[in-house]
Amino acid sequence: MPKIRTLIVDDEKPARRRLRELLEKQAVIDIIGECTNGEAAVEQIRATVPELLFLDIQMPGLNGFGVVNQISVARMPVTIFVTAFDQYALKAFEVSALDYLLKPFSDERFERSLERALDFISTRQRGDLNDRMLALLDRMQPDQVVNTTSYLERLAIKQSGRVIFLRVEEIAWIEAAGVYVEIHAGKNSWLHRVSLSELEARLDPQLFLRIHRSTIVNLRHIKELQPHSHGDFLVVLQDGQQLKLSRNYRAKVESCLGQSL
């Protein structure tokens, strides 16, 4: 049986260490990373497409439910929520029949949750799992599910003593350029001092997609995907620009498209 790609998300180091120690005892688990906040979790889920997620709910900034909202229920991995929530919230979990770990949890409770999650993965009961997560979100208070991250609608780019305001939908693609990114829109391009990952976290994932460690593309500007070599694809834009879709981001693109390439 292939190992289950697993991601740990918790802002508390002792909690991450505890989960890692328990998971490392499981031969079927491959821990592909840890995240300390919701924003990093969203980026990692999109980039690595884990099969199993241990997700803390109470995190500063973007909380666990905010992560679900940004990724969307349909694209979430099988998720075990880790929580110190009150009894009202726990009742919502029980009614929706979604699994959770209440801190502090025992080894036995962890084993039961993991066994249940692995059963979901092996039987591929995604529709049932999605329904349960939607039921949970419906039962939570609005302030517990709120998405605290707002996406950029325009960029303010400093250029030759001026500040250019660019609407994000005009952007065709973005590439890393050292400590800058180079933003391409029509026949123009600008350097903007921000890391590619920082900018990606502020862009609407329904509009922008990472296709390479150094490239983000606007989905509305894509004309077609062409097979290239060794599992890579070429992303051809409406203006004829060709960009490389690397193998490392292929699963992310397939998840976005809802089909295999």
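In terms of the numbering used here, the sequence shown is numbered consecutively and its last residue is 265. Glycine included, each C-beta is placed from N, C-alpha and C at the ideal position. From a predicted model like this one, the values you see are computed outputs, not experimental measurements.
- Between the segment 195-209 and the segment 236-247 there are fewer than three inter-stretch CB-CB distances shorter than 8 Å, so the stretches are not counted as touching.
- CA-to-CA, the gap between Val-198 and Leu-213 works out to about 17 Å.
- Taking a cut-off of 8 Å for Cβ pairs, the segment 54-72 and the segment 218-233 do not touch, as fewer than three such pairs fall below it.
- Beta-bridge partners assigned by DSSP to Cys-39: Val-13.
- Taking 8 Å as the cut-off, the Cβ atoms of Ile-220 and Leu-249 do not count as close.
- A Cβ-Cβ contact shorter than 8 Å links Ala-51 with Lys-256.
- In the assembly as shown, Val-183 is an exposed residue. Its beta-carbon has fewer than 16 other beta-carbons within 10 Å.
- Per DSSP, the beta-bridge partners of Phe-212 are Asn-222.
- Cβ neighbours of Arg-224 within its own chain (closer than 8 Å, five residues either side excluded): Glu-173, Leu-211.
- By the neighbour-count definition (other C-beta atoms within 10 Å, threshold 16), Asn-192 is an exposed residue.
- In this structure, Leu-26 lies away from Ile-12, with their beta-carbon atoms at least 8 Å apart.
- Relative to Gln-163, the option among Glu-179, Ala-181, Tyr-155, Trp-194 whose CA is nearest is Trp-194.
- Proximity to Pro-108 across Ile-125, Thr-83, Arg-21 peaks at Arg-21, based on C-alpha coordinates.
- Its chain contains no residue whose beta carbon lies nearer than 7 Å to that of Ala-31 once the 5 sequence neighbours on both sides are disregarded.
- Residue state for Pro-18 is assigned as helix, using DSSP reduced to three classes.
- Going by DSSP, Val-183 is part of no alpha helix (DSSP H) at all; its letter is neither H nor E.
- Note: Tyr-104 is bridge-paired with Phe-85 in the DSSP secondary-structure output.
- In the displayed model, Ile-75 falls within a helix according to three-state DSSP.
- In the DSSP assignment, Val-257 falls within the alpha helix (DSSP H) that extends over 254-261.
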